[in-house]
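Before any comments, here is the structure.
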Amino acid sequence: TLGKRTAELHCAFALKSGNSAFEPEPATTDDLAGFKNSVREEALATFKFLERQMGQLVLTSRQQAQALLDGQKQLLARIDGCAMPGGVTLKTRYHGDYHLGQVLVSANDFIIIDFEGEPARALGERTRKYSPLRDVAGMLRSFNYARWTALRKVMQAPEDGARLAPLAASWEPQVRGAFLEAYAEGTRGSELYGSFEEVQGLLQLFELEKALYELRYEINNRPGWARIPLEGILALAGLAPDDGAGAKHK
């Protein structure tokens, strides 16, 4: 249901209204190159930030951070190698800060709220047209946070992790799969994407962008949570072993 509602939201943003601030536009080759370059710059800034803030991390997160720093070239190669769609894909206005905290459950359905975008970003950036896949990536990252937050709440003893972590790891790709399948079906026939299959490289790019942002946020505000985006980045970069949910990134 959430995937369907997200698709309806994006299809609404893609409607032609005659209002230049909301009129959808085709993404050009320069736009697509710009998306890659922006994420590359974000990765480089995150590497420098991580080197400065390493001392704030607990041992496990510090080890993961070092693995990320050691794999910088591989991560940048992943960004540079992300496949861009060959057909038409649109730039539109979009939610801009889309995650589970931005939807309300009502009558077994979802109401989407809070359209001001990420508060940390400048207003001009928040109102700029971009690929709506940024919203999809944000929700996928939110599922990852839900997985780890649930584990934190229920683990009472060290042995609980060994028993419950595989269940949480199997839950995440199931939720991702259901969400993406419904979203793809809901956007089929619209002009948003030539096909949802050919924008998977863009989706992976934006998911990585979101995880990099999350890492800097967590180190600045909740260093004990840095493990969550670190594990996400390592998996997206192909720098971590499959934990039972790794297929979700492929």
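Residue numbers (my numbering): 163 to 412.
Cβ atoms here follow ideal geometry from the backbone N, Cα and C, with glycine treated the same way.
Using the Cα positions of residue i and residue j, report the straight-line distance between them to the nearest angstrom.
i    : j    : result
G406 : A397 : With a pLDDT of 41 at G406, under the threshold of 50, the modelled position of this residue cannot be trusted, and the question is left open.
V201 : W333 : 28 Å
K253 : R303 : 21 Å
P385 : R378 : 9 Å
T311 : M317 : 10 Å
G408 : D276 : Residue confidence is low: G408 scores 40 on pLDDT, short of 50, so the model does not pin down where it sits. Its coordinate-derived value is still stated next. Cα to Cα, the separation comes out at about 31 Å.
I241 : A269 : 41 Å
N383 : R389 : 13 Å
A327 : R309 : 9 Å
E393 : G249 : 32 Å
K412 : E369 : For K412, the predicted structure reports a pLDDT of 36, less than 50, and the residue's modelled location is therefore unreliable. The matter cannot be settled from this model.
Going by CA-CA distance only, name the one from the options that's closest to residue i.
i    : options                : result
E280 : Y260, Q336, Q362       : Y260
G400 : E187, K235, T168       : K235
V267 : K372, L164, A402, K198 : L164
W387 : V220, G363, I274       : V220
G363 : A402, R283, P247, R288 : P247
G217 : A183, I381, L262, S352 : I381
Can the beta-carbon of residue i be found closer than 9 Å to that of residue j?
i    : j    : result
L237 : A189 : no
T168 : D297 : yes
S210 : G348 : One detail in the question is off: residue 210 reads as Lys in this sequence, not Ser. Not in contact: K210 and G348 (Cβ atoms no closer than 9 Å).
T289 : L354 : no
In the structure shown, what three-state DSSP assignment does residue i receive?
i    : result
P188 : strand
A174 : helix
How about residue i: is its C-beta nearer than 9 Å to some C-beta of chain B?
i    : result
T311 : Looking at the structure shown, chain B is missing, and only one protein chain is on hand.
- Please list the segments of the alpha helix (DSSP H) lying wholly inside the region 235-295, counting only runs of 4 or more residues, in order along the chain. Runs of the alpha helix (DSSP H) lying entirely within the region 235-295, each at least 4 residues long, are 285-288 in chain order.
- Task: Scan the region 378-406 and note each continuous alpha helix (DSSP H) run of 4 residues or more that stays entirely inside, going in chain order.
- Result: Qualifying alpha helix (DSSP H) stretches, in chain order: 389-398.
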